[in-house]
Structures are given as structure tokens and as C-alpha cells.
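Quick note, the numbering used here runs 133 ahead of the 1-based positions in the first sequence.
Glycine is no exception: its CB is placed at the ideal position from the N, C-alpha and C atoms.
The block underneath contains the structure these notes are about, expressed in C-alpha cells.
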Amino acid sequence: MKIATYNINGINGRLPNLLRWLEESQPDVVCLQELKATDSLFPEKPLLDMGYHAIWQGQKSWNGVAILSRHGVIKETRRGLGGDPDDLHSRYIEAFINGIVIGCLYLPNGNPWPGPKFDYKLRWMARLMAHAARLQTFNLPVALVGDFNIIPTEMDTYKPKKYIDNALFRMESRRLFHELLDQGWADAIRQLYPDERIYTFWDYLRNAYGRDAGLRLDHFLLNGALKPMLVSGAVDKHVRGWGHSSDHAPVWITTR
DNA sequence: ATGCCACGGAATCCGTGA
């Protein structure tokens, strides 16, 4: 099964890019983030026409997550993380597809540091970790997939010094990410490419893509049951070079 | 220290993103 994640940065503005990439890449399941669309504006029909069923949690202007699948109707298992009834951001949706539990997430950016947005990021991560710990008790393959907005190590940014006080790279963010891994999650892309610089995001500013000034922010975390099923994975980097692209590129893995 | 780009939504700018 080919599972992908793609921060689309506005699903309606970039629908032609999304459809072009789906046609080319032929993923079975796709986790999307930053829909930037309300529920009623989700482009269900063009995706169905391409054979993809979808579940989504939209929001006006910002955030928004969705899961697409070619394996028929999707069994949704959760939307939202719980642990904070006042949090109205659409950042988590989860489904059971073809024997795998797939959690699609869009972790808060958290900039600027310090401040309330950074505090929200850390609280959201704590809630994610509480839910991830519950998922670890499942006797099933589980994947946490999406835009984590975290640069896990110095190897995952073109210029570590520049990001020292950035919420994506602050030690608190990295520490929580590694505490999450310590629950028993494997960072699939890093596992496949232990020594390579791999980026999934290139800023629109300053010709970042042309200079390959990127960050690795989009991750696949696999539990112990799913990890031995991992076969391959990669970033569809060229998609970031298409006209009218998102600032993220799609990332995918395949499992047996 | 700031703007550089790009989005949605409203309005001819603002908040946000990373």
C-alpha cells in the first residue's frame, strides 16, 4: 500500500496540482493538511471522479485536514485529539483503512517564540502524545502521518543556526518529538535514509527551492507492528517545482 | 531588524504561515 502526506496549502487554489500529482503518483491513501477551506467547500466530487473517497475536517481560512483513499469507503475512527474542549482548530483526523490505523495531523507551527502560539504548540503536542500512547496499546499497525512542524535534528535543516529560536527547531519542540518517538514510533523516512539530507518544505521566499534551502517537517511515524512492513519511501520533490505549488512537497511510503 | 512569497477573507489591507 502506498501512503502519502501532502501539506497542500489551500486545497481549492491548488486542486489542479493535487489532481496532477495524484494521477502521477497513484497513492492508495493520502493525508492532506492545510485545506484552508470550510467543510462545505471541500472538493469532494473531483476527487471521487479520480477514485478517491475522502473524509475531512475543514475550517474557515486556516488549518483543515483530510484523508483520501482508493480502498472504498473510509472508516473514520476519530476527529480531534481530545483533552481540550476549547481547541477548535481542525488538526487531527484518523481512519482505519486496509488494516492500518492512520492518524493525519497538522501540528501547530508555534511561531513566534516565545509567546502564546508556542505555548499552544507544546500543549497540542502533549495531547498528541497522550493519544499516541493510547494508539500504542492497539494490537494493529498504526501510522501517525502529516505535517509535524518540527525539524527533528540538525540534519533536517539547511542551516541549523538560523533556526535555533524558531518554534520548529526549539529544543522544547525537538525534545517532545523525541519523547514521542520513545513511545515506540519509528521515523520511517529517516529509517530508510539514515545519512541523507532530506527536505519536505521549501519557503516561497528568497528562492528557497532553487537553493535547496529546505526543512524536513512532514513525517511518518510507524508503530512496532507497521515498521517491519515498511518497504520504501521518498519525497516527490519535483512537485514543489511545479507552477503554483504548495510550499511543501508530497512524501510517501509503501508497505507490504 | 525587516522584507522577501502566498494563502483566504475581506476589502484595496490583515493575519497567518515556517
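Hey, how far is the Cα of residue i from the Cα of residue j?
i	j	result
residue 277	residue 371	24 Å
residue 196	residue 360	29 Å
residue 155	residue 313	30 Å
residue 237	residue 339	30 Å
residue 172	residue 194	11 Å
residue 260	residue 214	7 Å
residue 358	residue 255	28 Å
residue 316	residue 346	31 Å
residue 199	residue 224	9 Å
residue 310	residue 319	11 Å
residue 330	residue 190	33 Å
residue 299	residue 134	35 Å
residue 287	residue 365	23 Å
residue 235	residue 308	24 Å
residue 170	residue 180	15 Å
residue 304	residue 383	26 Å
residue 201	residue 325	24 Å
residue 390	residue 272	As displayed, the chain neither begins before 134 nor continues past 389, which places residue 390 out of reach and without an answer.
residue 222	residue 257	10 Å
residue 153	residue 228	25 Å
residue 348	residue 363	23 Å
residue 211	residue 301	26 Å
residue 208	residue 230	7 Å
residue 142	residue 174	15 Å
What are the residues that DSSP puts in a beta bridge with residue i?
i	result
residue 209	228
residue 236	227, 277
residue 190	198
residue 139	165
residue 386	136, 366
residue 271	Answer by DSSP bridge pairing: none, since residue 271 is not bridged.
residue 335	347
residue 290	348
Where do the ends of the beta strand (DSSP E) carrying residue i lie?
i	result
residue 201	198-202
residue 321	That residue, residue 321, is in no beta strand (DSSP E); its alpha helix (DSSP H) goes 321-325.
Tell me which residue opens and which closes the alpha helix (DSSP H) that residue i is part of.
i	result
residue 259	249-268
residue 310	304-314
residue 179	177-182
residue 154	148-158
Counting Cβ pairs, one atom from each stretch, are 3 or more of them under 8 Å apart for the stretch 285-297 and the stretch 367-382? No, the stretch 285-297 does not touch the stretch 367-382.
Contiguous beta strand (DSSP E) assignments of at least 3 residues, all confined to the stretch 342-381: Within the stretch 342-381, the beta strand (DSSP E) runs of at least 3 residues that lie entirely inside it are, in chain order, 351-355, 363-368.
Evaluate contact between the stretch 175-189 and the stretch 248-259, counting only Cβ atoms and requiring at least three cross-stretch pairs below 8 Å. No: fewer than three Cβ pairs fall under 8 Å.
Is the stretch 209-222 touching the stretch 138-153, taking contact as three or more C-beta pairs under 8 Å? Not touching, per the Cβ criterion.
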